[in-house]
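Trainee: Let me begin by handing over the structure; questions about it come next.
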Amino acid sequence: MKEKLRLLGPAILVVGLLATAYFLLTYESDYLWKAQELNLFLDTPLFLRQQMVSSGWLISWLGAYFTEFFYHEALGVGMLCAWWAVLMLVIGRTFRIPMKWSVVLLIPVAALLLTIVDLGYWLYYLKLKGHFFAATIGTTIAVLSVWGFRLLPRRFFLRPVFIVVSTGVLYPLIGFYGLLAALLMGILVWRLKDMNTTDRVVSTVVAGLSIAFWPLMYYNYVFCQTNMDNILWTGLPIFVINEETPAYYIPYYVLVASLVAMAVMYRTDWQKAVKRPLIWAACQVLIVGAVVYGVQRFWYKDYNFHKELRMQRLLEAQDWNGILSEAAYAPDEPTRAIVMMKNLALFRLGRQGDEMYHYKTGAKASDTPLPVNMSQIVGRSIYYHYGLLNYCYRWCLEDGVEMGWKVEYLKYLTRCALLNGEERVTHKYIDMLKHTRYHREWAEHYEKFIGNEKAQRAEKEFDQIFHLMTSEDVLTSDNALVEKFLMNQFLYTNSDDPLFQEQALISALWMKDIQLFWPCFFQYATTHKGVHMPIHFQEAAYLYGHLEKAVDISKMPFDESVVRSYNEFMDMAQKCAGMTEAQMRDAFYPRFGQTFYYEYFLIRNQKLY
């Protein structure tokens with residue numbers, strides 16, 4: 148019976164890791180894919196030297212290396228969970244946690260899990276390279292150094308010397324985690340039986356001085372790029388945009404507190420701590436329950452965030468029908484990013500004028516305290532696919548300078564330079580991508596288009612983009628309002644291209660401006676003679692013709708369904724005259740939610756970002 152009780156703790160750890168892997172792969176597959184797209188590791192000496200400009204460079208470099216493997220999510224998750232298994236073993240050995248109480252090892256690993264899955268929109272703004280593995284690697288190295296410290300003999304002041312030397316060596320490599328190791332050593336000396344009071348005081352003072360000295364020394368003489376305010380926290384992410392968001396540091400507080408508690412409890416007689424099996428079992432349940440609750444509570448589960456990630460992945464694969472399938476299922480009000488990706492998919496399939504109101508619309512704010520801009524979420528993709536290459540290029544460069552270079556940025560920089568005919572620049576980006584593990588094939592695919600305009604024109608991805616590219620090679624400010632800027636570009640830029648005119652007319656519908664609509668409508672009709680007028684364009688013309696009567700629509704060949712739905716809408720509007728606008732939205736949606744009439748009268752004041 149006692150043997151079974153001893154094995155229960157390790158069994159819980161194994162189940163916990165398997166459950167973690169399952170939930171990551173089931174619910175965060177697109178999130179992990181995006182993480183490796185917003186990562187960059189190059190197998191070049193220059194890339195390594197570029198990381199060695201601030202303390203904590205080793206965990207960033209290794210973290211970026213391992214993050215690459217999320218390209219195959221199962222492989223990346225397997226590596227992450229294997230590392231956590233090793234870390235639990237190292238922590239258990241270092242602090243001599245008996246098997247009977249090994250369930251406590253779930254606490255630091257759960258904290259490390261939360262540093263990954265609680266990010267939400269911070270994924271787009273993180274400046275720390277290799278974040279998904281950095282904390283795990285740093286903690287492992289720190290605890291290993293504490294283990295080595297514990298195994299040293301007492302003689303010749305080896306332990307105080309080890310504290311000084313190890314902190315001096317580890318701080319430039321793992322930053323904050325090297326200082327954490329010194330803190331744990333300074334605590335652990337008070338629990339080691341082979342040390343007297345003098346030894347303990349000396350070691351504790353040395354640990355404190357090492358934590359204060361080494362960051363200042365490296366700041367003044369080695370790592371001049373480190374900010375003075377952050378010299379104690381290098382290797383940790385900085386959750387500040389305009390103002391600090393302290394809640395994101397909670398997993399790190401839990402991680403440090405759990406390791407400190409284990410150091411304080413070192414050499415406690417765990418076997419006698421709780422003698423009665425029922426009380427011991429209750430403690431196990433309490434610990435597991437607290438861990439499960441904490442992970443469930445702080446795991447970021449916003450539906451629209453994950454919908455955006457899924458649609459971005461499909462967009463990268465140019466699976467336009469897949470994007471529409473995702474947009475069709477919308478139990479929640481969508482964000483504008485979701486709406487814009489849906490509209491892009493309809494445009495690429497040639498169905499936007501007939502179907503863009505067939506999907507739930509909205510402008511739900513992102514569930515985050517961050518000042519989210521669409522330019523950081525899908526702005527690059529939207530600008531690229533709508534032919535505004537300079538703006539896609541601009542945001543890739545700005546975000547690369549601000550947040551660090553990512554695979555995603557290099558891919559769009561490559562495409563933009565290619566379509567702009569900048570051959571040397573295209574070669575530069577392609578050569579960089581060839582030094583990644585999983586994006587070499589992508590780079591070689593685009594390399595064959597360099598200097599070959601005929602092949603570019605024949606490529607399905609580029610065809611519609613060329614139609615939307617204008618001769619005006621300008622770059623102004625979009626104020627980070629991607630959708631509004633895009634609509635204005637189509638409306639106020641002259642082009643006789645039929646696809647461009649379609650987007651200009653769609654932009655006029657988006658503006659709900661009758662005076663802007665009619666010139667675009669007639670120009671579209673002129674460039675699309677003999678083609679059936681899309682339903683939503685007919686609806687707008689029929690509605691505007693009745694609202695202002697500035698244009699005679701009596702001889703226009705409207706579909707019978709357009710006329711009928713308009714008359715039914717107006718009849719219902721009279722019957723619902725006493726309702727509030729919100730009540731009317733709910734009442735009208737089942738019958739008219741897929742019409743421009745509903746969009747024009749009942750969708751108002753949508754926030755742009």
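Each number in this note's numbering comes from the position in the sequence shown (counting from 1) with 147 added on. Note that the Cβ used here is the ideal one computed from N, Cα and C, for glycine as well.
When the Cα atoms are used, what is the spatial distance from residue 338 to residue 412?
Mentor: The residue labelled residue 338 in the question sits at position 191 within the sequence shown. The residue labelled residue 412 in the question sits at position 265 within the sequence shown. About 8 Å.
Trainee: Would you report the Cα separation of residue 154 and residue 557, rounded to the nearest angstrom?
Mentor: Taking the sequence shown and counting its residues from 1, one reaches residue 154 at position 7. Taking the sequence shown and counting its residues from 1, one reaches residue 557 at position 410. Each residue's Cα considered, the two are about 50 Å apart.
Trainee: Taking the runs of the alpha helix (DSSP H) that are 4 residues or longer, which of them lie wholly in the region 201-247?
Mentor: 204-214, 220-241
Trainee: Measuring straight from C-alpha to C-alpha, what distance separates residue 376 and residue 363?
Mentor: By one-based count along the sequence shown, residue 376 stands at place 229. By one-based count along the sequence shown, residue 363 stands at place 216. Distance between the alpha carbons of residue 376 and residue 363: 11 Å.
Trainee: Take residue 573 and list the residues in its own chain whose beta-carbon comes closer than 7 Å to its own, dropping the five residues that flank it on each side.
Mentor: For the purposes of this step, residue 573 is taken as the residue at position 426 of the sequence shown. For residue 573, where only same-chain residues beyond five positions count, the Cβ hits under 7 Å are 561, 564, 565, 597.
Trainee: Report yes if the CB atom of residue 522 is closer than 9 Å to the CB atom of residue 449, and no otherwise.
Mentor: Start at 1 with the first residue of the sequence shown, and residue 522 comes out as number 375. Start at 1 with the first residue of the sequence shown, and residue 449 comes out as number 302. Result no, Cβ atoms of residue 522 and residue 449 do not sit closer than 9 Å.
Trainee: Any idea which residues DSSP pairs residue 391 with across the strands?
Mentor: One-based indexing of the sequence shown puts residue 391 at position 244. Residue 391 is bridged to 387.
Trainee: So, are the CB atoms of residue 388 and residue 212 less than 9 Å apart?
Mentor: As a working note, residue 388 is residue 241 in the sequence shown. As a working note, residue 212 is residue 65 in the sequence shown. Going by C-beta atoms, residue 388 is not nearer than 9 Å to residue 212.
Trainee: Would you give the residue range spanned by the alpha helix (DSSP H) that residue 346 belongs to?
Mentor: As a first step, residue 346 must be located in the sequence shown, where it is residue number 199. Element bounds for residue 346: 344-368.
Trainee: Quick check on the DSSP output: what are the complete alpha helix (DSSP H) runs of length 4 or more inside the region 414-463, in order along the chain?
Mentor: 417-420, 424-445, 450-463
Trainee: Work out the CA separation of residue 374 and residue 324 for me, nearest whole Å.
Mentor: Within the sequence shown, numbered from 1, the residue matching residue 324 stands at position 177. Within the sequence shown, numbered from 1, the residue matching residue 374 stands at position 227. In a straight line, the C-alpha of residue 324 is about 17 Å away from that of residue 374.
Trainee: State the Cα-Cα distance for the pair residue 238 and residue 290, rounded to the nearest angstrom.
Mentor: The residue given as residue 238 occupies position 91 in the sequence shown. The residue given as residue 290 occupies position 143 in the sequence shown. Taking the straight line from one Cα to the other gives about 6 Å.
Trainee: Decide if residue 649 is buried, meaning its Cβ has at least 16 other Cβ atoms within 10 Å, or exposed.
Mentor: Taking the first residue of the sequence shown as 1, we reach residue 649 at position 502. Result: buried.
Trainee: According to DSSP, simplified to helix, strand and coil, what is residue 741?
Mentor: The residue labelled residue 741 in the question sits at position 594 within the sequence shown. Reduced to three states, the DSSP call for residue 741 is coil.
Trainee: What residue range does the alpha helix (DSSP H) around residue 337 cover?
Mentor: Along the sequence shown, one-based indexing puts residue 337 at 190. Careful: residue 337 lies outside any alpha helix (DSSP H) and carries neither H nor E.
Trainee: Using a Cβ-Cβ cutoff of less than 6 Å, which residues in the same chain neighbour residue 480 once the five nearest sequence positions on both sides are dropped?
Mentor: Here residue 480 corresponds to residue number 333 of the sequence shown, with the count starting at 1. Here the set comprises 509, 511.
Trainee: Could you tell me how far apart the beta carbons of residue 318 and residue 202 are, in whole angstroms, since I believe they sit closer than 8 Å?
Mentor: Position 171 of the sequence shown, counted from the start, is the residue given in the question as residue 318. Position 55 of the sequence shown, counted from the start, is the residue given in the question as residue 202. Correct: roughly 6 Å between the Cβ atoms.
Trainee: Do residue 633 and residue 533 have their CB atoms nearer than 9 Å?
Mentor: For the purposes of this step, residue 633 is taken as the residue at position 486 of the sequence shown. For the purposes of this step, residue 533 is taken as the residue at position 386 of the sequence shown. Their beta carbons are under 9 Å apart, which means residue 633 touches residue 533 by this criterion.
Trainee: Rank 161, 748, 180, 165 by C-alpha distance to the C-alpha of residue 462 and give the top, closest one.
Mentor: Here the question's residue 462 lines up with position 315 in the sequence shown. Of 161, 748, 180, 165, the residue nearest in Cα terms is 180.
Trainee: So what does DSSP say about residue 405, is it helix, strand or coil?
Mentor: The count along the sequence shown starts at 1 and reaches residue 405 at position 258. It is helical.
Trainee: Measuring CA to CA, which of 586, 624, 570, 517 is closest to residue 545?
Mentor: Numbered from 1 along the sequence shown, position 398 holds the residue referred to as residue 545. Nearest of 586, 624, 570, 517 to residue 545, Cα basis: 624.
Trainee: Write down the C-beta distance between residue 259 and residue 282 rounded to the nearest angstrom, noting that I regard them as a contact closer than 8 Å.
Mentor: For the purposes of this step, residue 259 is taken as residue 112 along the sequence shown, with counting starting at 1. For the purposes of this step, residue 282 is taken as residue 135 along the sequence shown, with counting starting at 1. Confirmed, about 5 Å.
Trainee: At the level of alpha carbons, what is the spacing between residue 278 and residue 210?
Mentor: Against the sequence shown, residue 278 aligns to sequence position 131. Against the sequence shown, residue 210 aligns to sequence position 63. Residue 278 and residue 210 have their alpha carbons spaced roughly 6 Å apart.
Trainee: Run the CB neighbour count on residue 541, radius 10 Å, all protein chains shown included, and call it buried at 16 or more, exposed below.
Mentor: Along the sequence shown, one-based indexing puts residue 541 at 394. Buried, by the Cβ-count rule.
Trainee: Could you give the distance in angstroms between the alpha-carbon of residue 381 and the alpha-carbon of residue 586?
Mentor: The count along the sequence shown starts at 1 and reaches residue 381 at position 234. The count along the sequence shown starts at 1 and reaches residue 586 at position 439. When rounded, the distance between both Cα atoms is 30 Å.
Trainee: Compute the beta-carbon to beta-carbon distance between residue 694 and residue 661, rounded to the nearest angstrom, for a pair I have assumed lies under 8 Å.
Mentor: In the sequence shown, residue 694 corresponds to position 547, counting from 1. In the sequence shown, residue 661 corresponds to position 514, counting from 1. The beta-carbon distance between residue 694 and residue 661, rounded to whole angstroms, is 7 Å. This is short enough to meet the 8 Å contact definition.
Trainee: Cβ atoms of residue 348 and residue 306: under 9 Å apart, would you say?
Mentor: The residue given as residue 306 occupies position 159 in the sequence shown. The residue given as residue 348 occupies position 201 in the sequence shown. Taking 9 Å as the Cβ cut-off, residue 306 and residue 348 do not qualify as a contacting pair.
Trainee: Could you give the distance in angstroms between the alpha-carbon of residue 714 and the alpha-carbon of residue 708?
Mentor: Against the sequence shown, residue 714 aligns to sequence position 567. Against the sequence shown, residue 708 aligns to sequence position 561. Going from the Cα of residue 714 to the Cα of residue 708 covers about 10 Å.
Trainee: Could you work out which residue in 643, 158, 455 is closest to residue 232 when comparing CA atoms only?
Mentor: The sequence position of residue 232 within the sequence shown is 85, counting from 1. Measuring from the Cα of residue 232, the nearest candidate turns out to be 158.
Trainee: Does DSSP put residue 176 in a helix, in a strand, or in coil?
Mentor: Sequence index remark: in the sequence shown, residue 176 carries index 29 (1-based). Shown here, residue 176 sits in a helix according to DSSP, grouped into three states.
Trainee: Determine the DSSP secondary structure at residue 380, reduced to helix, strand or coil.
Mentor: By one-based count along the sequence shown, residue 380 stands at place 233. DSSP places residue 380 in coil when its eight states are reduced to three.
Trainee: Measuring alpha carbon to alpha carbon, tell me which of 647, 183, 400 ends up nearest residue 221.
Mentor: For the purposes of this step, residue 221 is taken as residue 74 along the sequence shown, with counting starting at 1. Of the candidates 647, 183, 400, the one whose C-alpha sits nearest the C-alpha of residue 221 is 183.
Trainee: If you compare alpha carbons, which of 489, 393, 712 is closest to residue 468?
Mentor: As a working note, residue 468 is residue 321 in the sequence shown. Nearest C-alpha to residue 468: 489.
Trainee: Determine the contact status of residue 531 and residue 559, defining contact as a CB-CB distance below 9 Å.
Mentor: Indexing the sequence shown from 1 puts residue 531 at position 384. Indexing the sequence shown from 1 puts residue 559 at position 412. For residue 531 and residue 559, yes; Cβs fall inside 9 Å.
Trainee: Which same chain residues end up closer than 8 Å to residue 684 when comparing Cβ atoms and leaving out the 5 residues on each side of it in sequence?
Mentor: Numbered from 1 along the sequence shown, position 537 holds the residue referred to as residue 684. Within the same chain, residue 684 has close Cβ partners 500, 652, 656, 668, 671.
Trainee: Of the residues 569, 332, 750, which one's Cα is nearest the Cα of residue 408?
Mentor: Within the sequence shown, numbered from 1, the residue matching residue 408 stands at position 261. Across the set 569, 332, 750, the C-alpha of 332 shows the shortest separation from the C-alpha of residue 408.
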